[in-house]
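Visitor: For reference, the structure I am asking about is given below.
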Amino acid sequence: MKEMKITPIRNGTVIDHIEPGMAMKVVRILGIPEPDTHSTISIAMFVRSKKMGEKDLLKIEDRELRQEEVNKISLIAPNATIIIIKDYNVKKKMRVSIPEVVRGIARCSNPNCITNKDEPLETEFKVENGKDIKLRCLYCERYVADIVESIA
Amino acid sequence: MSFKGRHVVSIRDFSRKDIEQILSRANKLLPIAKGEKASDILRNKIMATLFFEPSTRTRLSFESAMLRMGGRTLGFSDPGGTSAKKGETLADTIRMAAAYSDVIVLRHPQEGAAKLASEFSDVPVINAGDGAGQHPTQTLLDLFTIKKEVGKIDGKNIALVGDLKYGRTVHSLAYALSTFKAKLTFVAPPTLQMPEEMVATVKEMGTKPKLVNRIEDVIKTADVIYVTRIQKERFPDPDEYKKVARVYRITPAMLKGAKETMRIMHPLPRVKEISPEVDEMKHAAYFKQAFYGVPTRMALLSAVLGVNS
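These protein sequence lines are chains B and V, in that order. So the first sequence is residues 47 to 198, counted in our numbering. So the second sequence is residues 110 to 418, counted in our numbering.
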């Protein structure tokens, strides 16, 4: 019998096909759990996957993610599938799409950038989507050395 | 596009048309910059110079520009006695300075400081250099120098020489020259060559830069040789530095075969990159270049303050 590691949810969002090892960062970017909510969040990491070999998986009960929230995770989980569940049925399926500008979620890797000082600002990066995805800081104009690291 | 009220943060905010407008304004202001003609077009205007790190040339040329047009200046040239030392954020210092002046000129050791300042100021902020980041007024005065000394920028052979990896002025300049369709050659030792990203950027703009590592390769064809300082601290091995510094030093002998009209530029301060004997040659344009900072900054100040020249 196939073992069920995570049970189905009644209402909420499933994020599937997250790059293996990235689930905790996705959780952080999405800002969950929100204060004062006690709905179940299930995180599965390094799950065997036919398509990806290994993958991470996230189930968030009682919360439907909006497209712009979904896009925030695109930089570290570009292949993610987002499934909105209502009454145990799939209500909507979405793919992530890469935004032009990301605000507030990444840190500039240039230690001398003003965004790394104690100033009242939100970081802002232009996403350059060529062969590889690159983030260019809109303050110091430098490229982020390691995107995953800058979001960690 | 009108310049009134506009912040000057990065040369990337300027279109070719914007740059041409500033250069033509600078040209008209030349007699005032030289002190041959009096002007008070900026009477009752106050410029705040906030220099969080010293830069004598930049600060003095901004102050000269303001005073030549009848304006007044206030500010500091070293953050020692300011509330920044007490831990005040730059954002708060800027809000305060914006309340006391009509235009802010900011020099700051951190990259991105000018963009931050522009977000907290309701008067125009002019970036006078932020860390190893942007220094747009230097770029504008470099372009003005080329225009005045060589006649035009389009199609000219311009060689950028020295520390192209870390040198802040050369990145902005390479970008701006690409908008003018100049022919670029980057001359540097392999370890200090133009960063790949910058090369890619100018290529996207339609320029096909040549990358070489010997100055001799450009002497005969260049219309402008733009020399920058190679800093000792970039080299882990002092012997390697000495070797490079010797090879990248411009001397009169080296300039044999150069075009009569070729001009040598340098953002200054110069250390050993150009031998003093070159100063007397017709090729030397670097001291004129320093003077051209005044009309260029006059043009910018009067433009962002919305005053007709």
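C-beta atoms are modelled at their ideal positions from N, C-alpha and C, and glycine is treated no differently.
Spell out whether any CB of chain V is found under 8 Å from the CB atom of isoleucine 160(B).
Guide: As a first step, residue 160(B) must be located in the first sequence, where it is residue number 114. Yes, isoleucine 160(B) counts as interfacial toward chain V.
Visitor: Could you please give the first and the last residue of the uninterrupted beta strand (DSSP E) stretch that includes histidine 63(B)?
Guide: Along the first sequence, one-based indexing puts residue 63(B) at 17. 58-64 is the extent of the beta strand (DSSP E) around histidine 63(B).
Visitor: Which same chain residues end up closer than 6 Å to glutamate 65(B) when comparing Cβ atoms and leaving out the 5 residues on each side of it in sequence?
Guide: Sequence index remark: in the first sequence, residue 65(B) carries index 19 (1-based). These residues qualify, in order along the chain: Ala123.
Visitor: Taking only three categories from DSSP, how would you classify valine 236(V)?
Guide: The count along the second sequence starts at 1 and reaches residue 236(V) at position 127. Per the sequence shown, the amino acid found at residue 236(V) is asparagine instead of valine. Here asparagine 236(V) sits in strand by DSSP.
Visitor: If you draw a straight line from the alpha carbon of glycine 144(V) to that of methionine 178(V), how long is it in whole angstroms?
Guide: Working through the second sequence from its first residue, we reach residue 144(V) at position 35. Working through the second sequence from its first residue, we reach residue 178(V) at position 69. Roughly 10 Å separates the two Cα atoms.
Visitor: Using 8 Å for Cβ pairs, my map puts valine 118(V) next to glutamine 243(V). What's the rounded Cβ distance?
Guide: By 1-based counting over the second sequence, the position of residue 118(V) is 9. By 1-based counting over the second sequence, the position of residue 243(V) is 134. The Cβ separation is near 7 Å, so the contact holds.
Visitor: Name, going along the chain, the residues of the region 172-186 of chain B whose beta-carbon falls closer than 8 Å to a beta-carbon of chain V.
Guide: Under the 8 Å Cβ criterion, the region 172-186 of chain B contributes Cys183, Leu184, Tyr185 and Cys186.
Visitor: Scan the region 329-398 of chain V and note each continuous beta strand (DSSP E) run of 3 residues or more that stays entirely inside, going in chain order.
Guide: Counting whole runs of 3 or more residues, the region 329-398 of chain V contains the beta strand (DSSP E) stretches 333-336 and 372-374.
Visitor: Output needed for glutamine 219(V): all residues of its chain with C-beta closer than 7 Å, excluding positions within five of it in sequence on either side, in chain order.
Guide: Numbered from 1 along the second sequence, position 110 holds the residue referred to as residue 219(V). Result list for glutamine 219(V): Asp239 and Gly240, in chain order.
Visitor: Can you tell me the Cβ-Cβ gap for isoleucine 150(V) and threonine 248(V), rounded? I've got them flagged as a contact below 8 Å.
Guide: Here residue 150(V) corresponds to residue number 41 of the second sequence, with the count starting at 1. Here residue 248(V) corresponds to residue number 139 of the second sequence, with the count starting at 1. Actually they do not touch by this definition, with Cβ atoms about 24 Å apart.
Visitor: Return the bridge partner residues of lysine 113(V) from the DSSP annotation.
Guide: Counted from its first residue, the second sequence places residue 113(V) at position 4. Partner(s): none; lysine 113(V) has no beta bridge.
Visitor: Closer than 7 Å by C-beta to leucine 225(V): which residues in its own chain qualify, once you throw out the five before and the five after it? Chain order, please.
Guide: Taking the second sequence and counting its residues from 1, the one referred to as residue 225(V) is at position 116. Hits under 7 Å: Leu199 and Ala200.
Visitor: Could you tell me which chain V residues have their CB closer than 8 Å to the CB of aspartate 192(B), listed as they occur along the chain?
Guide: Numbered from its first residue, the first sequence carries residue 192(B) at position 146. By Cβ distance, chain V contributes nothing, its closest Cβ being about 15 Å from aspartate 192(B), past 8 Å.
Visitor: Does the Cβ-Cβ distance between alanine 425(V) and arginine 168(V) come in under 8 Å?
Guide: This structure leaves residue 425(V) out entirely; chain V is present only between 110 and 418.
Visitor: Short check: CB of threonine 182(V) to CB of threonine 202(V), under 8 Å?
Guide: Position 73 of the second sequence, counted from the start, is the residue given in the question as residue 182(V). Position 93 of the second sequence, counted from the start, is the residue given in the question as residue 202(V). Not closer than 8 Å, so no.
Visitor: What does a CB cutoff of less than 6 Å around serine 173(V) pick up in its chain, not counting 5 residues either side in sequence?
Guide: Numbered from 1 along the second sequence, position 64 holds the residue referred to as residue 173(V). Cβ within range, chain order: Val403.
Visitor: Could you name the residues of the same chain whose beta carbon sits closer than 6 Å to that of glutamate 170(B), not counting the 5 residues immediately before and after it, in chain order?
Guide: Translated into the one-based positions of the first sequence, residue 170(B) becomes position 124. These residues qualify, in order along the chain: Arg149 and Leu184.
Visitor: Contact criterion: CB-CB distance below 8 Å. Does lysine 139(B) meet it with respect to chain V?
Guide: The residue you call residue 139(B) lines up with position 93 of the first sequence. No, lysine 139(B) lies away from the interface with chain V (no Cβ there is under 8 Å from its Cβ).
Visitor: In chain A, what lies closer than 7 Å to glutamate 165(B) by C-beta?
Guide: Judged by its chain identifiers, the structure shown contains no chain A, and its protein chains are B and V.
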